[in-house]
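A.B. asks:
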């Protein structure tokens, strides 16, 4: 199903590319005497960015073109032959599909097609020839799409030095972000230990001291305090690092998150293979933090967790039906965003006032 959807998307992109190539040709012919005009250059840049979106490329990743830069206009001119080639491939596909339908209809009614009645050898020849031609035509669609992507990257993409500089800046930013996230997590763990577990242990110590002075009825209360202290210590330990993640895998670890939550959590983890440990850990903490936030701050009544693979990436999506209004300004979510960015992933938060809230993290496995 996914393969069919991707094929239809490619067909649509190449078909649209043929139409935009004609529009680009008309634009260039009309603007030819004014190519150096800043308004014409700006219009060419906008058309180039639209082409980048059609090809599912990051338009922001293309080289920032200046007002005197004519590369966008040159790109529009260079892609006209490719666009027309794509249009001819699509027309051939449509013609072949129509011919195939006509053959099936006529021969199904016992009528001749082009003076030929169906026979076993003719049917076999038609099926084999049609399959080969369909394969060649679809290969042409894929090839045109790949050439269009290559052309825009070569003509408008950043050069190697600029790409390396951008990558160094991204790595420096992500490194600073992950250091800040680790420091923030350490402060939160210290606060949990100081304000929660430490206070319980002090109370437990006082209860044991009073029971030693003859008040044996306090032993039951001390035992209860000890159980609650152990539960809090276990919760803090899971937030530091889930020990079950190594042995049980991400699915079982997320099931543990659902069991410990005060709000009902439905988990759907569909992974064909175990991702790298760093990806598993990041995915776990995204879900854990999102579930904790939804339970504490969003007044949610149901949380849905979906984890699946998509193009060598792990996609983690957490939705809740709470009141919304979540922001990346909060320490927990901003720390998650930095953790995901450190793995070259993307983190997206959608939480309008009134809800619902959706958190999506895409983690590359390469």
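In full-length UniProt numbering, the protein residues as written are 1 to 366. Virtual Cβ for every residue (Gly too), placed ideally from N, Cα, C. Bear in mind that the values here come from a model prediction, so they are computed numbers and not experimental data.
Residues in its own chain within less than 6 Å of residue 302 by CB, not counting five upstream and five downstream?
C.D. replies: 264 and 321
A.B. asks: How many whole angstroms separate the CB atoms of residue 326 and residue 333, which I take to be in contact at a CB cut-off of 8 Å?
C.D. replies: 7 Å
A.B. asks: Kindly identify the DSSP beta-bridge partner or partners of residue 303.
C.D. replies: According to DSSP, residue 303 shares a beta bridge with 265 and 320.
A.B. asks: With DSSP as the reference, please indicate the residues paired to residue 364 in a beta bridge.
C.D. replies: 313
A.B. asks: Can you tell me whether DSSP reads residue 70 as helix, strand or coil?
C.D. replies: coil
A.B. asks: Near residue 107, what residues of its chain come up, given a Cβ to Cβ distance below 7 Å and the 5 sequence neighbours on each side ignored?
C.D. replies: 113 and 118
A.B. asks: For residue 346, list the residues DSSP reports as bridge partners.
C.D. replies: 362
A.B. asks: With 16 as the cutoff for other CB atoms within 10 Å, does residue 131 come out buried or exposed?
C.D. replies: exposed
A.B. asks: Since residue 283 and residue 261 are thought to touch, with beta carbons under 8 Å apart, how far apart are those beta carbons, to the nearest angstrom?
C.D. replies: Contact doesn't hold; Cβ gap of about 17 Å is too wide.
A.B. asks: Between residue 84 and chain B, is the shortest Cβ-Cβ distance under 8 Å, so that the two count as touching?
C.D. replies: Among the chains of the structure shown, chain B does not appear; only one protein chain is present.
A.B. asks: One question on the structure: do residue 267 and residue 278 come within less than 8 Å of each other, judged by their Cβ atoms?
C.D. replies: no
A.B. asks: Can you name the start and end residues of the alpha helix (DSSP H) that residue 149 belongs to?
C.D. replies: 120-156
A.B. asks: If you draw a straight line from the alpha carbon of residue 441 to that of residue 11, how long is it in whole angstroms?
C.D. replies: One cannot answer for residue 441 here, as it falls past the ends of the chain, which runs 1 to 366.
A.B. asks: Beta-carbon within less than 6 Å of residue 362's beta-carbon, same chain only, minus the 5 sequence neighbours each way: which residues are those?
C.D. replies: Within the same chain, Cβ atoms closer than 6 Å to the Cβ of residue 362 are found at 313, 315, 345 and 346, the five residues on either side in sequence being excluded.
A.B. asks: Ordered along the chain, which non-local residues of its own chain (more than five positions away) have a Cβ less than 6 Å from that of residue 286?
C.D. replies: Around residue 286: 316, 336 and 361.
A.B. asks: Taking Cβ positions, are residue 155 and residue 71 nearer each other than 8 Å?
C.D. replies: yes
A.B. asks: Throw me the rounded Cβ distance for the residue 251 and residue 269 pair, which I believe falls under 8 Å.
C.D. replies: 4 Å
A.B. asks: Can you give the beta carbon distance from residue 83 to residue 21, rounded, assuming they're within the 8 Å contact cut?
C.D. replies: 2 Å
A.B. asks: For residue 370 and residue 281, what's the separation of their Cα atoms in angstroms?
C.D. replies: Residue coverage of the chain in this structure runs from 1 to 366, which leaves residue 370 outside it and unanswerable.
A.B. asks: Ignore the nearest five residues each way along the sequence and tell me which others in residue 367's own chain have a CB closer than 7 Å to its CB.
C.D. replies: Only positions 1 to 366 of the chain appear in this structure, which leaves residue 367 out of reach.
A.B. asks: From 54, 304, 50 and 328, pick the residue whose C-alpha is nearest to that of residue 383; which is it?
C.D. replies: The displayed coordinates of the chain run from 1 to 366. Any statement about residue 383 would go beyond what the structure contains.
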